[in-house]
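The sequence shown: position 57 = 87 (my numbering), numbered continuously.
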Amino acid sequence: ARHRRSGELAAIKIVPVEENASELSEEIEILRRCESNVVVEYLGTYDKDDACWIVMEYCEGGSIADLMAICAVTLDEEAIKHVAAFVLLGLE
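Spelled out as structure tokens, the structure:
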């Protein structure tokens with residue numbers, strides 16, 4: 031998908047709106063407040079067809095789990111160290 035305002039590629043997480051509305055609202059608020067160059071950017075939320083569409087910056091490489099599945103490999107200790115370091119930077 032393309033973000034209408036910026037024209038950039040965007041990822042959309044479609045979440046059915048059910049009884050976990052408070053958890054969903056909390057997740058959206060955390061994304062909204064997060065400003066880090068090591069965390070995907072939150073671009074907006076839209077209600078559509080009984081679902082919540084969370085629009086985020088598109089990460090072309092995918093997630094770590096996606097990369098591991100595509101390459102059929104597990105991370106060694108050195109790679110895990112780097113991933114953990116960036117996770118910690120995202121929590122700052």
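Glycine included, each C-beta is placed from N, C-alpha and C at the ideal position. Since the model is a prediction, treat every value here as computed from it, not as a measurement.
**Prompt:** Counting only beta-carbon atoms, is glutamate 57 nearer than 7 Å to chain D?
**Reply:** Absence of chain D from the displayed structure is noted, only one protein chain being present.
**Asked** Are there 16 or more other CB atoms within 10 angstroms of the CB of alanine 40, so buried, or fewer, so exposed?
**Response** Reading the sequence shown from its first residue, position 10 is the one you call residue 40. Its Cβ being crowded by 16 or more others within 10 Å, alanine 40 is buried.
**Asked** Can you give the beta carbon distance from alanine 54 to cysteine 82, rounded, assuming they're within the 8 Å contact cut?
**Response** Along the sequence shown, read from residue 1 onward, the residue named residue 54 stands at position 24. Along the sequence shown, read from residue 1 onward, the residue named residue 82 stands at position 52. As written in the sequence, residue 54 is leucine, which differs from the alanine given in the question. About 6 Å separates the two Cβ atoms, so the contact holds.
**Message:** Can you tell me where the alpha helix (DSSP H) holding glutamate 107 begins and where it ends?
**Reply:** On the sequence shown, residue 107 is found 77 positions in, with the first residue counted as 1. Note, glutamate 107: alpha helix (DSSP H), 107-121.
**Asked** Within 10 angstroms of its Cβ, does threonine 110 collect 16 or more other Cβ (buried), or is it exposed?
**Response** Counted from its first residue, the sequence shown places residue 110 at position 80. The residue asked about is misnamed: residue 110 is isoleucine in this sequence, not threonine. Exposed is the call here.
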